[in-house]
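Student: To start, I am sharing the structure in question, which I have written as structure tokens.
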Amino acid sequence: MSLEIGSMRNGEAVLNSSLPRQDEVGMAEQWARVRARLQAEVGDVEYRTWLKQLAFAGLAGDEVTVMLPTRFLRDWVNKEYGELISVFWQAENPAVKRVEFRTGSPARAPSLAEPAAPALVAPAATAPMPARPEQPAAALDQRFTFETFVVGKPNEFAYACARRVAEAPATAGFNPLFLYGGVGLGKTHLMHAIAWELSTRSRAGAPVSVAYMSAEKFMYRFINALRSQSTLEFKNELRSVDVLMIDDLQFLIGKDNTQEEFFHTFNALVEAGKQIVISADKSPSDLSGLEDRLRTRLGCGMVADLHATTFELRISILEAKAQRAGVEVPTKVLEFLARKITTNNRELEGALNRLIAHANLFDRSLTMETAHEVLHDLLKAHDRKVSIQEIQKRVCEHYNIRVAEMSSARRARNIARPRQIAMYLAKQLTSKSLPDIGRHFGDRDHTTVMHAVSRVTELIAQDAAFAEDVELLRRMLES
Ligand code: ADP
Ligand code: MG
């Protein structure tokens, strides 16, 4: 942030009150439009929280002064929105080159002679950043190819769609391709894989130009283009590609101007028979806050869901990564990881990498002990604590009995059996001692709990349907 006290040309400062009538009206109108655009861009909530009190104080030379009532607000708004505000001002009035943020209310503004608190110049306003040409390949991760993507039930459909688009971009029915799913399930991986595949084909003959960027980057570039008055170049550049890929589209929610720009780019490309690939954390219909017409268009092609991973897929991913790293990891350790880290492939991979690094560093083979030791902190975070109360509640729901029966003295089979199952699960899923568990079940003796555990273990071995029931309960409680 530059500190430009000298740039406050005190004498020259022309404020609202002393503007010629015509200009005053003009500036007020410009300011109203800047505000409206700000509000549209950041959304009502943010606008009301931070920007509502922003007041226009005047124009001096190429510098606009705006005011906020407190120093905190001034600094915050300058830091968070300074760039946006100056971009919008410039778009309204090309003569404006800087925006100055000051404390005070506009009524007191004319006292510019007072040695104001160091005048903060919106950093963005000083020099427009040169628009950097985007190298699609520069943004791509070399490891994210189709070859390294492990296919399983949860992602086979998304994978097949991605393959299809990479082989034949802009095929009817696959445009746009909309990939969605939770964090770490492989959206970015698949998008990069498409881009790599296309660039390989490009080199082999038919040239295909691909632009891949996150929605955040899209917005950043769009705002930069506005600032340096090169929106036309920006538009032309984007509209000249054969394949446009935008990652994490949910970022555009609430950024109305950027969304608008994206919508037009989107339409222009689709009309020209170009391929669009989008990723987001939710399906088009669940992305609330997105403009309806955009949402509709996004759902027009192929929508493919990356589902939560399964144990089998996690094992396959771990096996593939261990193999590529050239490291022997015992099956037991892989299973341990796949059982413990269930939400996110990125974390799964991170855990494996940590194990491998540790083994290499200390030249030790990978055992369960090392796994426990190295991943102690990570596993602790994933060890969801299940309480005995939760277990009782679930079991009672499952067998349709009242929770009070867990502590009652009734011995009827339809009550006693679920009670035993709950005790068994409490032993398996919590670290409570047998006497402790007994206390939660109407002050029963620890031998009763012991008996319940061995009885349920027996039944699991004898009766497949019973075993399945208990397994189902366990999974519900662990998820
Ligand atoms: P997202 O973009 O959906 O948040 P990423 O594509 O960034 O997730 O994936 C997170 C990490 O997990 C990456 O390192 C990626 O390579 C890996 N990953 C995800 N899914 C798979 C898969 N099916 N096979 C191999 N690696 C995967
Ligand atoms: Mg991603």
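Heads up: the sequence shown begins at 597 in the numbering used here, then just goes up one per residue. Using N, Cα and C, we set each Cβ at its ideal position, and we do this for glycine too. A quick note: this is a predicted structure, and the numbers were derived from the prediction, not measured.
Kindly indicate which three-state DSSP category Gln649 falls into: helix, strand or coil?
Tutor: Here the question's residue 649 lines up with position 53 in the sequence shown. Three-state result, Gln649: coil.
Student: Can you tell me which of the three DSSP states Glu924 falls into?
Tutor: In the sequence shown, residue 924 corresponds to position 328, counting from 1. Of the three classes helix, strand and coil, the one that applies to Glu924 here is coil, per DSSP.
Student: Given this structure, state the Cα-to-Cα distance separating Asn1077 from Lys813, to the nearest angstrom.
Tutor: Here the chain has residues from 597 to 1075 only, and residue 1077 is not among them.
Student: Helix or strand or just coil, what does DSSP make of Gln635?
Tutor: Reading the sequence shown from its first residue, position 39 is the one you call residue 635. Note: Gln635 maps to helix in three-state DSSP.
Student: Which residue from Ala735, Arg910 and Val923 puts its Cα closest to that of Asn940?
Tutor: To locate residue 940, count along the sequence shown from 1; it is residue 344. The candidate whose alpha carbon is nearest that of Asn940 is Arg910.
Student: Are the beta-carbon atoms belonging to Val746 and Ile913 less than 7 Å from one another?
Tutor: Here residue 746 refers to the residue found at position 150 when the sequence shown is read from its first residue. Here residue 913 refers to the residue found at position 317 when the sequence shown is read from its first residue. Closer than 7 Å, so yes.
Student: What did DSSP end up calling Asp640 once you bin it into helix, strand or coil?
Tutor: Numbered from its first residue, the sequence shown carries residue 640 at position 44. Helix at Asp640.
Student: Using 7 Å as the threshold, is the C-beta distance between Val660 and Val695 below it?
Tutor: Position 64 of the sequence shown, counted from the start, is the residue given in the question as residue 660. Position 99 of the sequence shown, counted from the start, is the residue given in the question as residue 695. In contact: Val660 and Val695 (Cβ atoms closer than 7 Å).
Student: Lys851: beta carbon under 6 Å from a heavy atom of ligand 2?
Tutor: Stepping through the sequence shown from its first residue, residue 851 is reached at position 255. It does not: the Cβ of Lys851 is nowhere closer than 6 Å to a heavy atom of ligand 2.
Student: Please say whether Phe774 and Leu894 have beta carbons closer to each other than 7 Å?
Tutor: Locating residue 894 in the sequence shown gives position 298, counting from the first residue. Locating residue 774 in the sequence shown gives position 178, counting from the first residue. Yes.
Student: Confirm, please, whether the CB-CB distance from Ala1022 to Ile1056 is below 7 Å.
Tutor: Taking the sequence shown and counting its residues from 1, one reaches residue 1056 at position 460. Taking the sequence shown and counting its residues from 1, one reaches residue 1022 at position 426. Contact: no.
Student: Return helix, strand or coil for Thr1043, following the three-state DSSP convention.
Tutor: Within the sequence shown, the letter at position 447 stands for residue 1043. Thr1043 falls in the helix class under three-state DSSP.
Student: Determine the closest residue to Thr938 out of Val873, Gln825 and Leu781, with distance taken between C-alpha atoms.
Tutor: For the purposes of this step, residue 938 is taken as residue 342 along the sequence shown, with counting starting at 1. Checked all of Val873, Gln825 and Leu781; the closest Cα to Thr938 is Leu781.
Student: Which word fits His860, buried or exposed, when buried means at least 16 other C-beta atoms lie within 10 angstroms of its C-beta?
Tutor: Here residue 860 corresponds to residue number 264 of the sequence shown, with the count starting at 1. Looking at its Cβ environment, which holds fewer than 16 other Cβ atoms inside 10 Å, His860 is exposed.
Student: Check whether the region 790 to 800 touches the region 886 to 903, taking contact to mean three or more Cβ pairs, one atom from each stretch, closer than 8 Å.
Tutor: Output reads no: the region 886 to 903 does not touch the region 790 to 800.
Student: If you reduce the DSSP assignment to three classes, tell me which class Gln825 lands in.
Tutor: As a working note, residue 825 is residue 229 in the sequence shown. Coil.
Student: Got a sec, what are the start and stop residues for the alpha helix (DSSP H) Met1080 sits in?
Tutor: Outside the displayed span of the chain (597 to 1075) sits residue 1080, for which this structure offers no information.
Student: Taking the continuous alpha helix (DSSP H) assigned at Met1002, which residues delimit it?
Tutor: Numbered from 1 along the sequence shown, position 406 holds the residue referred to as residue 1002. Element bounds for Met1002: n/a, residue is neither H nor E.
Student: Just checking Thr784 against ligand 2 - is the residue's beta carbon closer than 6 Å to any of the ligand's heavy atoms?
Tutor: To locate residue 784, count along the sequence shown from 1; it is residue 188. Answer for Thr784: yes, Cβ within range of ligand 2.
Student: If contact is defined by three or more beta carbon pairs under 8 Å, each pair taking one atom from either stretch, is the region 993 to 1011 in contact with the region 952 to 967?
Tutor: Too few Cβ pairs lie closer than 8 Å, so no.
Student: Can you round the beta-carbon distance between Gln1024 and Ala1048 to whole angstroms, since I take them to be within the 8 Å contact cut?
Tutor: In the sequence shown, residue 1024 corresponds to position 428, counting from 1. In the sequence shown, residue 1048 corresponds to position 452, counting from 1. That pair is no contact at about 12 Å.
Student: When DSSP builds the beta bridges, which residues end up paired with Arg694?
Tutor: Counting from 1 along the sequence shown, the entry for residue 694 is found at position 98. Beta-bridge pairing links Arg694 to Glu659.
Student: Please tell me whether, using a cut-off of 6 Å, the distance from the CB of Ile913 to the nearest non-hydrogen atom of ligand 1 is below it.
Tutor: Position 317 of the sequence shown holds residue 913. Ile913 Cβ: within cutoff of ligand 1.
Student: Leu948: which of Asp959, Ala916 and Lys976 sits nearest, CA to CA?
Tutor: Along the sequence shown, one-based indexing puts residue 948 at 352. When each option's Cα is compared against that of Leu948, the closest is Ala916.
Student: Can you give the beta carbon distance from Leu933 to Leu944, rounded, assuming they're within the 8 Å contact cut?
Tutor: Taking the sequence shown and counting its residues from 1, one reaches residue 933 at position 337. Taking the sequence shown and counting its residues from 1, one reaches residue 944 at position 348. Their Cβ separation, rounded to whole angstroms, is 6 Å, which keeps Leu933 and Leu944 in contact under 8 Å.
Student: Which residues in the same chain have their Cβ closer than 7 Å to the Cβ of Asn853, if we skip the five residues on either side of it in sequence?
Tutor: Working through the sequence shown from its first residue, we reach residue 853 at position 257. So the list reads Arg633, Ala636 and Glu637, once near-sequence residues are dropped.
Student: Closer than 6 Å: is that where the CB of Val779 sits relative to any heavy atom of ligand 1?
Tutor: What you label residue 779 is simply residue 183 of the sequence shown in a count that begins at 1. Result yes, Cβ under 6 Å from ligand 1.
Student: Who pairs with Ile872 in a beta bridge, going by DSSP?
Tutor: Counting from 1 along the sequence shown, the entry for residue 872 is found at position 276. DSSP, once it has assigned bridges, lists Leu840 as partnering Ile872.
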